[in-house]
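Enquirer:
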Amino acid sequence: MCGIIGFIGEDNASDILIKGLKALEYRGYDSSGVALGDDGKPKIIKSAGRISVLEEKLASASLPVFHRGIAHTRWATHGGVSDLNSHPHSSDSLSLVHNGIIENYYELESMLRSEGYTFSSETDTEAALMLIDYEYRRLHDPEKAIFKAISGIRGSFAFAIIFNDVKEKIYAVRRQSPLIAAHTNKGSFIASDVTALLPYTKDIYRPEDDVLIILSKDKTEFKNKNGDAVYPISEHVDWNEEEAQKGGFPHFMLKEISEIPDSVRKTVSSYLADGIPYFDAASLKEDNVLNIGRIHVSACGTAMHAGLIGKRLIEELAHIPVNIETASEFRCRSQILDKRDLMIVLSQSGETADTLSSLAYAKERGVNTLAIVNVFGSSIARSADDVIYTKAGPEIAVASTKAYTVQCAVLALIALHLARIKKRMTADEVRTHTILLSSSLPSAIEKVISESDGIKDAANDICNAEHLFFIGRGSDSDVCAEGSLKLKEISYIHSEAYPAGELKHGTISLISDGIPVIACACNEDTCDKMISSIREVRSRGARVTVLTTNKLAKSHAFPCDRIITVDDEGGPYTFLTAASAMQLLAYHASAKKGLDVDKPRNLAKSVTVE
Ligand code: G6P
4 MCGIIGFIGE DNASDILIKG LKALEYRGYD SSGVALGDDG KPKIIKSAGR
54 ISVLEEKLAS ASLPVFHRGI AHTRWATHGG VSDLNSHPHS SDSLSLVHNG
104 IIENYYELES MLRSEGYTFS SETDTEAALM LIDYEYRRLH DPEKAIFKAI
154 SGIRGSFAFA IIFNDVKEKI YAVRRQSPLI AAHTNKGSFI ASDVTALLPY
204 TKDIYRPEDD VLIILSKDKT EFKNKNGDAV YPISEHVDWN EEEAQKGGFP
254 HFMLKEISEI PDSVRKTVSS YLADGIPYFD AASLKEDNVL NIGRIHVSAC
304 GTAMHAGLIG KRLIEELAHI PVNIETASEF RCRSQILDKR DLMIVLSQSG
354 ETADTLSSLA YAKERGVNTL AIVNVFGSSI ARSADDVIYT KAGPEIAVAS
404 TKAYTVQCAV LALIALHLAR IKKRMTADEV RTHTILLSSS LPSAIEKVIS
454 ESDGIKDAAN DICNAEHLFF IGRGSDSDVC AEGSLKLKEI SYIHSEAYPA
504 GELKHGTISL ISDGIPVIAC ACNEDTCDKM ISSIREVRSR GARVTVLTTN
554 KLAKSHAFPC DRIITVDDEG GPYTFLTAAS AMQLLAYHAS AKKGLDVDKP
604 RNLAKSVTVE
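Residue numbers (this note's numbering): 4 to 613.
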C-alpha cells in the first residue's frame, strides 16, 4: 500500500527514486510519480499504471540531473486510478506525497474552499496539501506550517514535502503510517520501508508520530512540535539487499517458498535453549503464564490463518482457551477482556492498520499484548508490550508464504512453552516436539519443494477452473483456509475452504460435474472420515485431488482423481508441510495462467488503512 521514497544528496535523485519505487512495488500500487528539483517548483511526472510507464514519461521529459526529489507509489483509496489522482500533488508553494488516509478531509476542504482554495483531484491528500499551503502562507515558516497543519488533521499519514522556496531541504512527518529515515555519505533518505534503503544503508531511524524530519544533503534532523531537536535511536537492520531480490527465481513467491525450510530452522532455533522454547517476553515468564485466563488472537489475512493454527495448538497442548477474531472485526463488538488475559497479534509487515487497532483496543483495556512480527521495529512491534520476531527475512511477494509458516512455528513454540509451564508436558516431551519443528519439518518441506512436479500437474488441472473447494478436518481444515486464500489471491479462481464435515450441511449444493476439490487428509485420526467426505463430493461429480502423506497413501485407499503426497517426518506438524504444497499449487496455477504472481491485482502487501 502506498510507498514513499525521498532523497537529497550527491547522486542523481531520479535514479535513486526510481530504484526505490521499484523496491517498494511489492507493497501494492496502481500509479506512481516523482517530484524532482533543486530549486523553485519541482518538475512533477506521474502516471497511472506500472512504474515502467513512469520511467518512459521521465525518459521523454529529458530532465537535467537533480539532486533532490520525492516519489510515491499510490494504492487508490479516495478517488479512482488516474494520472490526476496520482501523487505528488502540488500547490503554488509546495509539492507533497502522502501515505495514509485523511479522515477529516471533507471538513478541511470546506474550510479551505471558504478561503478560496480549489481542488483538482478526488483525493483526500489534496486537503492536507492545501492545509499546509494555507498555514505556510500565514506563518511563512515551513516547520511551523507543517506542525500547525497536522494538528488539524485526523487520520493517518506519512508526508514528504518540498517547498518551492526552500532550497536544499525535504520535510517529512508521519502519524500511524510507516516512514523511516537514514543518512549516509551520499545524502539523506526517507522511505516507507527498509527494502528501499538496503542498497545504501542498514542503519535507519524510525521517528515517532508527529516528529518532523528535515533532510538535507549533509544531515538529517528530527524536531518535535516545540521546535526542539529529538534523537530517534538508530536501528541496524540485519536484512541484506540480496534477500530482497529474486536471486534467479522467476518470481519472489517461488523464492520465498524455497526459503521456508531455512526460515523455520532459523526462527525455531532462535527461541530454543537446550531444546526447550525460551522467550524474553515478560508475558511469557512463568508467573505470568500461570496467571493467564484466556488468550486472544487477532490478525488479518494469512496471519489470521496462522492464528487459527495457534488456537488449535495452544488449546490442545496448554489447555488455555483462545478467542480468535479477524482484526478488522475485533473492535466492532464489545470484547470480553480481562486483565489476566493475553492478547497475541500476528503480522508479517507489522504495519497492518486493522491489527494495530485491535492491539490498541486490548491495550486500552489493560490487557497484556504480545506481537509476533517479521519486520524489526515496525509499528506493531513497537506498540505491543512484548514482541517475538519471526526470522523469515524480507517477504516481497504480496501473497505471504514463508511468513505464515514461521508464524505457525512460533505459535507452536509458544504452545509448547505454555504446556511445559502448566505441567501438561514434560521437558523431554517438549524436546521431542522442538526437534520435529527445528529439523524434521523443514526437511519434509524441502522435499515438497524439490519434488513438486505432481503439484505442478495438479495446478495445470485446476488453473482454468472457475470455482474450487478445499476440504479438510482439524488442522488440515485450518491449512485449507490458507490454501484457498492463496489461490484466490494470485490465480483469481474463486475457491472456498470448508471443514469437510460441514460441506454436506449446505455448500455441497454447489458441487457439480467437474468441480475441482482439493481434499487435505494428512491426519491419521480423521482419515476415514475424510474418505467419506471425498466419496460424497465425488458421487456428485467433483474431480478430487487428495493431498496426504506417503504413509497414509499406502494405508488408505483414497477414492480420487489425483493424489499428491508429502512426507510425514514433521509428525503432528505435517499440516505445515501440506501448507507448503498448497502454496506451490497456488503459485503454479497463477504462473501457468501468466498472471502477475508477485503483484496480484487490487492487493497490497502492507495494508496501512482500516
Ligand atoms: C494484506 C495482504 C495479505 C496479508 C495481510 C496481513 O491483506 O494482502 O497477504 O496476509 O495483509 O498482513 P500482515 O503484514 O499484517 O501479516
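Note that beta-carbon positions come from the ideal geometry of N, C-alpha and C, so glycine has one too.
Since Ile-375 and Gln-338 are thought to touch, with beta carbons under 8 Å apart, how far apart are those beta carbons, to the nearest angstrom?
Expert: As a first step, residue 375 must be located in the sequence shown, where it is residue number 372. As a first step, residue 338 must be located in the sequence shown, where it is residue number 335. Contact doesn't hold; Cβ gap of about 19 Å is too wide.
Enquirer: Just the C-alpha distance for Arg-209 and Leu-598, rounded to the nearest angstrom, thanks.
Expert: Start at 1 with the first residue of the sequence shown, and residue 209 comes out as number 206. Start at 1 with the first residue of the sequence shown, and residue 598 comes out as number 595. Near 35 Å, if we compare the C-alpha coordinates of Leu-598 and Arg-209.
Enquirer: Does ligand 1 have even one heavy atom less than 7 Å from the beta-carbon of Gln-586?
Expert: Translated into the one-based positions of the sequence shown, residue 586 becomes position 583. Gln-586 Cβ: outside cutoff for every heavy atom of ligand 1.
Enquirer: Exposed or buried, what is Asp-357 when buried is set at 16 or more other beta-carbons lying within 10 Å of its beta-carbon?
Expert: One-based indexing of the sequence shown puts residue 357 at position 354. Flag for Asp-357 reads buried.
Enquirer: Looking only at its chain, what residues have a beta carbon closer than 6 Å to the beta carbon of Pro-202, apart from the 5 residues adjacent to it on each side?
Expert: By one-based count along the sequence shown, residue 202 stands at place 199. So the list reads Glu-244, once near-sequence residues are dropped.
Enquirer: By Cβ distance below 8 Å, which residues in the same chain neighbour Cys-303 in space, the five residues on each side in sequence not counted?
Expert: Counted from its first residue, the sequence shown places residue 303 at position 300. Counting only Cβ-Cβ distances below 8 Å, and skipping sequence neighbours, we find Thr-329, Ala-330, Ser-331, Ser-350, Thr-355, Asp-357, Thr-358, Val-610.
Enquirer: At 3 residues or longer, what runs of the beta strand (DSSP E) sit wholly inside the segment 83 to 116?
Expert: List check, beta strand (DSSP E) in window: 97 to 105.
Enquirer: Going by the CB atoms, is the gap between Val-600 and Ala-581 shorter than 8 Å?
Expert: By one-based count along the sequence shown, residue 581 stands at place 578. By one-based count along the sequence shown, residue 600 stands at place 597. Contact: no.
Enquirer: Is there at least one non-hydrogen atom of ligand 3 closer than 7 Å to the beta-carbon of Gln-248?
Expert: This structure does not include ligand 3; its bound ligands are ligand 1.
Enquirer: For ligand 1, is there a heavy atom less than 7 Å away from the beta-carbon of Ser-403?
Expert: Translated into positions along the sequence shown, residue 403 becomes position 400. Yes, ligand 1 has a heavy atom inside 7 Å of this Cβ.
Enquirer: In chain order, which continuous runs of the beta strand (DSSP E) of length 3 or greater are located wholly inside the segment 41 to 80?
Expert: Counting whole runs of 3 or more residues, the segment 41 to 80 contains the beta strand (DSSP E) stretches 46 to 51, 71 to 77.
Enquirer: Have a look at the DSSP bridge pairing and note the partners of Tyr-501.
Expert: Taking the first residue of the sequence shown as position 1, residue 501 is located at position 498. Tyr-501 is bridged to Ile-474.
Enquirer: Does Asn-15 come out as helix, strand or coil in the three-state DSSP assignment?
Expert: Here the question's residue 15 lines up with position 12 in the sequence shown. Asn-15: coil per DSSP, three-state reduction.
Enquirer: So what does His-186 bridge to, in DSSP terms?
Expert: If you number the sequence shown from 1, residue 186 lands on position 183. According to DSSP, which records beta bridges pairwise, His-186 is partnered with Ser-191.
Enquirer: Ordered along the chain, which non-local residues of its own chain (more than five positions away) have a Cβ less than 6 Å from that of Ile-448?
Expert: Here residue 448 refers to the residue found at position 445 of the sequence shown. Ile-263, Pro-264, Thr-580, Ser-583, listed in sequence order.
Enquirer: CB of Ala-356 to nearest heavy atom of ligand 1: below 7 Å?
Expert: As a working mapping, residue 356 is identified with position 353 in the sequence shown. No, the beta carbon of Ala-356 sits no closer than 7 Å to any heavy atom of ligand 1.
Enquirer: At which residue ranges does the segment 263 to 314 contain complete beta strand (DSSP E) runs of 3 or more residues, listed in the order of the chain?
Expert: Entirely contained in the segment 263 to 314, the beta strand (DSSP E) runs reaching 3 residues are, in chain order, 298 to 302.
Enquirer: Taking just the CA atoms, how far does Ile-567 sit from Ser-487?
Expert: One-based indexing of the sequence shown puts residue 487 at position 484. One-based indexing of the sequence shown puts residue 567 at position 564. If I take the Cα positions, the gap works out to 16 Å.
Enquirer: Within 10 angstroms of its Cβ, does Glu-129 collect 16 or more other Cβ (buried), or is it exposed?
Expert: The count along the sequence shown starts at 1 and reaches residue 129 at position 126. Buried.
Enquirer: Restricting to Cα atoms, I'd like to know which of Ser-381, Glu-146, Gly-517, Ser-98 is closest to Pro-45.
Expert: Counting from 1 along the sequence shown, the entry for residue 45 is found at position 42. Checked all of Ser-381, Glu-146, Gly-517, Ser-98; the closest Cα to Pro-45 is Ser-98.
Enquirer: In terms of alpha-carbon separation, which member of Met-307, Arg-315, Asp-127, Ile-317 lies closest to Leu-87?
Expert: In the sequence shown, counting from the first residue as 1, residue 87 sits at position 84. Among Met-307, Arg-315, Asp-127, Ile-317, the Cα nearest to that of Leu-87 is on Asp-127.
Enquirer: Using only alpha-carbon positions, find the residue among Glu-125, Arg-157, Phe-160, Val-169 that is nearest to Tyr-139.
Expert: As a first step, residue 139 is located in the sequence shown; it is residue number 136 there, counting from the start. Here the closest residue by C-alpha is Val-169.
Enquirer: Please report the residue range of the beta strand (DSSP E) in which Phe-225 lies.
Expert: As a position in the sequence shown, residue 225 is number 222, starting the count at 1. It spans 222 to 226 - the beta strand (DSSP E) in which Phe-225 sits, taken as one unbroken run.
Enquirer: Identify the continuous alpha helix (DSSP H) that holds Pro-519 and give its terminal residues.
Expert: On the sequence shown, position 516 is the one that residue 519 refers to. Careful: Pro-519 lies outside any alpha helix (DSSP H), inside the beta strand (DSSP E) at 519 to 524.
Enquirer: Report the three-state DSSP secondary structure of Gly-158 (helix, strand or coil).
Expert: If you number the sequence shown from 1, residue 158 lands on position 155. Gly-158: strand per DSSP, three-state reduction.
Enquirer: For Gln-351, is the beta carbon positioned less than 7 Å from some heavy atom of ligand 1?
Expert: The sequence position of residue 351 within the sequence shown is 348, counting from 1. Yes, ligand 1 has a heavy atom inside 7 Å of this Cβ.
Enquirer: What span of residues does the alpha helix (DSSP H) with Ser-536 cover, start to end?
Expert: Counting from one through the sequence shown, the residue named residue 536 turns up at place 533. Run containing Ser-536: 530 to 541, per the alpha helix (DSSP H) assignment.
Enquirer: In the DSSP output, which residue or residues are listed as bridge partners for Leu-39?
Expert: Here residue 39 is taken as the residue at index 36 of the sequence shown, counted from 1. Lys-46, Gly-72.
Enquirer: Using a Cβ-based criterion (distance less than 7 Å to any ligand heavy atom), does Val-413 qualify as near ligand 1?
Expert: Residue numbering aside, residue 413 sits at position 410 when the sequence shown is read from its first letter. No - ligand 1 has no heavy atom lying nearer than 7 Å to the Cβ of Val-413.
Enquirer: Indicate, with yes or no, if ligand 1 has a heavy atom lying under 7 Å from the CB of Leu-439.
Expert: Numbered from 1 along the sequence shown, position 436 holds the residue referred to as residue 439. Because no heavy atom of ligand 1 lies under 7 Å away, the Cβ of Leu-439 does not count as near it: no.
Enquirer: CB of Cys-5 to nearest heavy atom of ligand 1: below 7 Å?
Expert: Indexing the sequence shown from 1 puts residue 5 at position 2. Not under cutoff, so the answer is no.
Enquirer: For Asn-1, which three-state DSSP category applies?
Expert: Any answer about residue 1 is impossible in this case: the structure gives the chain only from 4 up to 613.
Enquirer: Figure out for me which residue from Asp-196, Met-585, Gly-544, Glu-432 has the closest Cα to the Cα of Glu-398.
Expert: Here residue 398 is taken as the residue at index 395 of the sequence shown, counted from 1. With distances taken between Cα atoms, Glu-398 lies closest to Asp-196.
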